[in-house]
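Inspection log for the structure reproduced underneath, given as structure tokens.
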Amino acid sequence: MFPGQFEGLGSGFTIKMAAHTFHLITLYMSNKKERESHHGTDRLNVNKLLKRKVIPDQSSPHQGQQDAEESKLVHDEIQYVVTDVVKELCQTIDAFIFVTDSSVDHETELNAMISEECVKPDIPLAVLSCTSDAESTYISCVDVVSILELSRLNRPWQIHHCVVESMSGVAEAVQWLSETTAEIS
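Just so it is clear: in the sequence shown, position 105 is 1234 by the working numbering, and no numbers are missing.
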């Protein structure tokens, strides 16, 4: 284990697999207490990795202050982007693993984390679609592709079903990242 390079963004660990050494850092949307207390609520409101960005609607002219405020609420688009510290961190990586609860969609977080503004476009992405144990129902890979809109990405990606209890599936994902990163280098 080693401390995270960027304050408050998690810690890291080093693993050796085949001929490669990986330095992995774990990024959490918030601390454990906040994640557990907000379970089932809007996770984006407690996410410390992302910030809200309002994209003004340019298609309709605003008339008067009251109309402008009402129109703003209805027509402006809310997007989430990574914080400056996370953006700086993402520009230093060679591969990206996105872990998601197989029962919840996380496309907003994924899209913010892997935007080409943040991460080089050739950086491979392994999506770990996790369940707590082997008996739990999980989302199919086809559905994960659809939910996370992976087919629109212009980067190598692969989905791996993982079981948290046994960590099955993780080694295969890291092996794929190792091979894919070696091909790109």
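Note that beta-carbon positions come from the ideal geometry of N, C-alpha and C, so glycine has one too.
Given the structure is predicted, the values throughout are model-derived calculations rather than measurements.
Query	Result
From the DSSP secondary-structure annotation, give me the bridge partner or partners of Tyr1209.	Arg1181
So, Gly1292 versus Ala1255, is the Cβ gap smaller than 7 angstroms?	Per the sequence shown, the amino acid found at residue 1292 is Val instead of Gly. Not a contact, by the Cβ cut-off of 7 angstroms.
What did DSSP end up calling Glu1238 once you bin it into helix, strand or coil?	helix
Out of curiosity, what's the CA-to-CA distance linking Asn1144 and Asp1186?	For the sequence presented, residue 1144 should be read as Ile rather than Asn. Computed Cα separation, rounded: 47 angstroms.
Can you grab the Cα-Cα spacing for the pair Pro1253 / Glu1246, in whole Å?	15 angstroms
Just how far apart, CA to CA, sit Lys1177 and Thr1212?	8 angstroms
Measure the alpha-carbon distance for Ser1269 versus Ala1148 and round it to whole angstroms.	32 angstroms
Got a sec? Which residues, its chain only, sit under 6 angstroms from Ile1313 by beta carbon, not counting five neighbours each side?	Asp1251
Between Met1296, Ser1297 and Leu1156, which lies nearest to Phe1225 when the distance is taken from Cα to Cα?	Leu1156
For Ser1280, I'd like the list of residues in its chain whose CB is within less than 7 angstroms of its CB, leaving aside the five on either flank, ordered along the chain.	Val1274
Enumerate in chain order the residues of its own chain whose CB-to-CB distance from Trp1286 is below 8 angstroms, with the five nearest sequence positions on each side excluded.	Pro1253, Leu1254, Ala1255, Val1256 and Leu1279
Rounded to the nearest angstrom, what separates Leu1202 and Val1214 at their Cα positions?	Note that Leu1202 scores a pLDDT of 43, beneath 50, so its modelled location is shaky; the value from the coordinates is reported in the next line. Roughly 29 angstroms separates the two Cα atoms.
Where does Val1248 land, buried or exposed, given buried means 16+ other C-beta within 10 angstroms?	buried
According to the Cβ coordinates, are Ser1329 and Ile1288 closer than 7 angstroms?	The requested residue 1329 does not occur in the structure, where the chain is confined to residues 1130 to 1314.
Quick check on Ala1302: buried or exposed, where buried means 16 or more other Cβ atoms within 10 Å of its Cβ?	buried
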